[in-house]
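2 protein chains.
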Amino acid sequence: MRPTLQTVADAIGVSRSTVSNAYSRPDQLSADLRDRILAAAAALGYAGPDPTARSLRKRRAGAIGMLFTASLSFAFTDPYAVGYLRGLAEAAEQARTGLLLLPLSIEDDAAAVAAVNEAVVDGFCVYCMPDWHPALDALAARGLPVVSGQRRSSDGPASAFVGIDEASATRAAGEHLMALGHRRVAVIGDYLSVAPTIGPALLSSPADVAYYTSRERLRGYQSAFAAAGVEWPTVTTVNVPGNCRDDGAAAAAHLLDRAPRPTAIAALSDIVALGVLDALRARGLQPGRDVSVVGFDDIPEAAAENLTTVHQPASERGRRSGELLLDPPADPADRTVVLPTRLVVRATTGPAPS
Amino acid sequence: MRPTLQTVADAIGVSRSTVSNAYSRPDQLSADLRDRILAAAAALGYAGPDPTARSLRKRRAGAIGMLFTASLSFAFTDPYAVGYLRGLAEAAEQARTGLLLLPLSIEDDAAAVAAVNEAVVDGFCVYCMPDWHPALDALAARGLPVVSGQRRSSDGPASAFVGIDEASATRAAGEHLMALGHRRVAVIGDYLSVAPTIGPALLSSPADVAYYTSRERLRGYQSAFAAAGVEWPTVTTVNVPGNCRDDGAAAAAHLLDRAPRPTAIAALSDIVALGVLDALRARGLQPGRDVSVVGFDDIPEAAAENLTTVHQPASERGRRSGELLLDPPADPADRTVVLPTRLVVRATTGPAPS
DNA sequence: GCGGCGTACTGTATCGATCCAGAAGGGTTC
DNA sequence: GAACCCTTCTGGATCGATACAGTACGCCGC
Chain D
1 MRPTLQTVAD AIGVSRSTVS NAYSRPDQLS ADLRDRILAA AAALGYAGPD
51 PTARSLRKRR AGAIGMLFTA SLSFAFTDPY AVGYLRGLAE AAEQARTGLL
101 LLPLSIEDDA AAVAAVNEAV VDGFCVYCMP DWHPALDALA ARGLPVVSGQ
151 RRSSDGPASA FVGIDEASAT RAAGEHLMAL GHRRVAVIGD YLSVAPTIGP
201 ALLSSPADVA YYTSRERLRG YQSAFAAAGV EWPTVTTVNV PGNCRDDGAA
251 AAAHLLDRAP RPTAIAALSD IVALGVLDAL RARGLQPGRD VSVVGFDDIP
301 EAAAENLTTV HQPASERGRR SGELLLDPPA DPADRTVVLP TRLVVRATTG
351 PAPS
Chain F
1001 MRPTLQTVAD AIGVSRSTVS NAYSRPDQLS ADLRDRILAA AAALGYAGPD
1051 PTARSLRKRR AGAIGMLFTA SLSFAFTDPY AVGYLRGLAE AAEQARTGLL
1101 LLPLSIEDDA AAVAAVNEAV VDGFCVYCMP DWHPALDALA ARGLPVVSGQ
1151 RRSSDGPASA FVGIDEASAT RAAGEHLMAL GHRRVAVIGD YLSVAPTIGP
1201 ALLSSPADVA YYTSRERLRG YQSAFAAAGV EWPTVTTVNV PGNCRDDGAA
1251 AAAHLLDRAP RPTAIAALSD IVALGVLDAL RARGLQPGRD VSVVGFDDIP
1301 EAAAENLTTV HQPASERGRR SGELLLDPPA DPADRTVVLP TRLVVRATTG
1351 PAPS
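Residue numbers (my numbering), protein chains in the order written: chain D, 1 to 354; chain F, 1001 to 1354.
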């Protein structure tokens, strides 16, 4: 049997509490006794207080949980998500806190709920989860502090927000397209339709989208387009099941292989936008001349491929989220952080072809 | 006060055990009673059994710990590490297990040890840690299963290995350089000298390096060079404090700004090799013609920049590590997995200039 | 009518620590 | 030398659950 505090205590004839103090409160006992205790512990192969038991008694887990888009492994394929994670990890590291990534299998909601309920953490960060996901309800039920990047009507008072103004970010991008004279436009994004398939989303309104980030970004485009007289029903929306390059290319095919093709394509993420660029090149079309393309996020690859996009501070978003979670400000007003975004115009947007 | 099992039990006059069974073993009580219990729990705001207490009693944490190079946030800047993490996350997800990233501050060893001792996990994965790091001793003391990518003399019997044959991987790369006629060669890597500074490492032998991965990779180069008559003392070694592009460029400067400069530079990672390429370009030198450069890892950027490198399967390494940790094979022989590597010759190596 | 059996639920022990009120002992103060 | 303090250590209560042996009871067979 593995040794416990009691084992060590018995070995040298002191009380359990004293051994505990030897580890956790060295000022509570003489240096001499402490040395003897640690020596005895080493001899017995006792590695120090059991973290689980300690967590139970201290009511502190020493870790924060991270709830991520769909599949956990997927998070590591998106450079933007990696940037966010880096920031979050920085904050956790600073506070000497672990970072628990939760397995959220997309097919199995019950497993996701179980993951939330079994997580030994002091709080949660939520990032890019569809609004309807049952894990979010489970999370609210646990009553732990939550920092989210998406507002949700049912958010409790313990919930904080760190994010950007998604709608005004895409409004700027939309105005850019309108100013260039584009009138036949399309938008590609994930969670636009319920079914996880590549194809037209047939959205009567952005409000129908059940995923905060996509919904808000669509709203921004909608208002920019409307201001230039381009009404929503004339805008083609295409859904992608995953936020990845291949899906972006496949979705673009739906738009490019029909006439008349749109003169501008707005993707709700850079990864998807890069896929659109692939599709253009495959058809001998030049981005920015034949078809304009806008992304979102400004990941490193976007600069490398000269993609016009909306910049948002990925790692800072993660870092601020972590800080807010680990050290919540007393004033509720400080629990909402809106970070700045900016339109980065590069080579993939240009005047609409006449 | 937050409700507990007892609160719910008292509310409807059953025992604590029965409420526990309602959640964990539904077959142990009538469906009717179970419904009443869950209803009462919902009314009281009880979100289900406390994960910490459950972990203590069940002797299972439901998470695996990850010990990473130096700083946690740093891990997310290296595409190879991200690939490894993706694989590990995949395995964890499959097993419905969380992934706890531990904060290993590089300046503060005591904090790192504390992080290991306080981690509520069922096992650990170790990746890219210097051999001497005290956290590794703390880890061994905890007696939990460990899967490591580096062999260490003090590894316990519970320890498994998933990795590559580092030395033979670099031997292949070294032979490639020798076959191209290079005789004045240099190696850049991290942990080559004790001090975390950019500069010559002054290594009398690879055996002096206290970091498994770098040591083995150097050994491979040493043997390839020696076979071609290039003795170790004539090889220049340069240390980089961090595994990043800028450090690689700065280290290359030490080699390129003196005469005679080496005709080939081997970097122990792609990230550093890409920095070397930057330094070459900054001096108007052409990689593969004026100076040959070899990397290690074969990250996506390596292909994009046509870097000759050694491919190793990043995410598979992570995935196999996770699988081995979560489902340890009975036969100790199966606890060692050596994955294949392969030299990928691209444009940054060429015949030695005469 | 009684043993045997299965189902539904109870109650105590236990997981491995920390908290905290209090006791023992030595030294200081007046 | 009584009162007081400080340091050092103790022991019972507690954190919130699960394990497991045991009880109560209905039902079946004979």
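C-beta atoms are modelled at their ideal positions from N, C-alpha and C, and glycine is treated no differently.
Under a three-way DSSP split, which group does residue i fall into?
{"i": "residue 21 of chain D", "result": "helix"}
{"i": "residue 1117 of chain F", "result": "helix"}
{"i": "residue 1307 of chain F", "result": "coil"}
{"i": "residue 1206 of chain F", "result": "helix"}
{"i": "residue 37 of chain D", "result": "helix"}
{"i": "residue 1299 of chain F", "result": "coil"}
{"i": "residue 190 of chain D", "result": "strand"}
{"i": "residue 185 of chain D", "result": "strand"}
{"i": "residue 223 of chain D", "result": "helix"}
{"i": "residue 12 of chain D", "result": "helix"}
{"i": "residue 269 of chain D", "result": "coil"}
{"i": "residue 1134 of chain F", "result": "helix"}
{"i": "residue 1044 of chain F", "result": "helix"}
{"i": "residue 1252 of chain F", "result": "helix"}
{"i": "residue 26 of chain D", "result": "helix"}
{"i": "residue 1276 of chain F", "result": "helix"}
{"i": "residue 168 of chain D", "result": "helix"}
{"i": "residue 322 of chain D", "result": "helix"}
{"i": "residue 1052 of chain F", "result": "helix"}
{"i": "residue 1199 of chain F", "result": "strand"}
{"i": "residue 1292 of chain F", "result": "strand"}
Take residue i as the anchor and find which of the options has the nearest alpha-carbon.
{"i": "residue 1080 of chain F", "options": "F:1295, F:1331, F:1045, F:1338", "result": "F:1295"}
{"i": "residue 1331 of chain F", "options": "F:1159, F:1244, F:1260", "result": "F:1159"}
{"i": "residue 1092 of chain F", "options": "F:1034, F:1124, F:1164, F:1049", "result": "F:1124"}
{"i": "residue 1348 of chain F", "options": "F:1292, F:1164, F:1261", "result": "F:1292"}
{"i": "residue 151 of chain D", "options": "D:245, D:215, D:184, D:106", "result": "D:215"}
{"i": "residue 1308 of chain F", "options": "F:1134, F:1298, F:1058, F:1315", "result": "F:1298"}
{"i": "residue 1128 of chain F", "options": "F:1340, F:1268, F:1345", "result": "F:1268"}
{"i": "residue 368 of chain D", "options": "D:40, D:36, D:26, D:20", "result": "Residue 368 of chain D is absent from the structure shown; chain D starts at 1 and stops at 354."}
{"i": "residue 16 of chain D", "options": "D:250, D:37, D:114, D:316", "result": "D:37"}
{"i": "residue 1229 of chain F", "options": "F:1170, F:1113, F:1179", "result": "F:1179"}
{"i": "residue 1206 of chain F", "options": "F:1239, F:1273, F:1077", "result": "F:1239"}
{"i": "residue 139 of chain D", "options": "D:306, D:53, D:28, D:67", "result": "D:67"}
{"i": "residue 1316 of chain F", "options": "F:1149, F:1279, F:1054, F:1033", "result": "F:1149"}
{"i": "residue 197 of chain D", "options": "D:170, D:250, D:64, D:161", "result": "D:250"}
{"i": "residue 171 of chain D", "options": "D:343, D:350, D:351", "result": "D:343"}
{"i": "residue 126 of chain D", "options": "D:333, D:329, D:173, D:321", "result": "D:321"}
Cβ atoms of residue j and residue i: under 8 Å apart, would you say?
{"i": "residue 290 of chain D", "j": "residue 353 of chain D", "result": "yes"}
{"i": "residue 1265 of chain F", "j": "residue 1252 of chain F", "result": "yes"}
{"i": "residue 318 of chain D", "j": "residue 86 of chain D", "result": "yes"}
{"i": "residue 1120 of chain F", "j": "residue 110 of chain D", "result": "no"}
{"i": "residue 1186 of chain F", "j": "residue 1192 of chain F", "result": "no"}
{"i": "residue 177 of chain D", "j": "residue 1101 of chain F", "result": "no"}
{"i": "residue 143 of chain D", "j": "residue 188 of chain D", "result": "no"}
{"i": "residue 1167 of chain F", "j": "residue 1220 of chain F", "result": "yes"}
{"i": "residue 1301 of chain F", "j": "residue 1224 of chain F", "result": "no"}
{"i": "residue 1314 of chain F", "j": "residue 1083 of chain F", "result": "yes"}
{"i": "residue 131 of chain D", "j": "residue 23 of chain D", "result": "no"}
{"i": "residue 1163 of chain F", "j": "residue 1339 of chain F", "result": "yes"}
{"i": "residue 1051 of chain F", "j": "residue 118 of chain D", "result": "yes"}
{"i": "residue 1184 of chain F", "j": "residue 1263 of chain F", "result": "yes"}
{"i": "residue 1284 of chain F", "j": "residue 1246 of chain F", "result": "no"}
Given that a residue counts as buried once 16 or more other Cβ atoms are within 10 Å of its Cβ, and exposed if not, what is residue i?
{"i": "residue 1001 of chain F", "result": "exposed"}
{"i": "residue 358 of chain D", "result": "An answer regarding residue 358 of chain D cannot be provided, because it is not within the stretch 1 to 354 covered by chain D."}
{"i": "residue 1312 of chain F", "result": "buried"}
{"i": "residue 1090 of chain F", "result": "buried"}
{"i": "residue 1122 of chain F", "result": "buried"}
{"i": "residue 69 of chain D", "result": "buried"}
{"i": "residue 1107 of chain F", "result": "exposed"}
So if DSSP puts residue i in a beta bridge, which residue, or which two residues, is it bridged to?
{"i": "residue 342 of chain D", "result": "D:311"}
{"i": "residue 1082 of chain F", "result": "DSSP, once it has assigned bridges, lists no residue as partnering residue 1082 of chain F."}
{"i": "residue 100 of chain D", "result": "D:65, F:1100"}
{"i": "residue 125 of chain D", "result": "D:66, D:147"}
{"i": "residue 1161 of chain F", "result": "F:1148, F:1336"}
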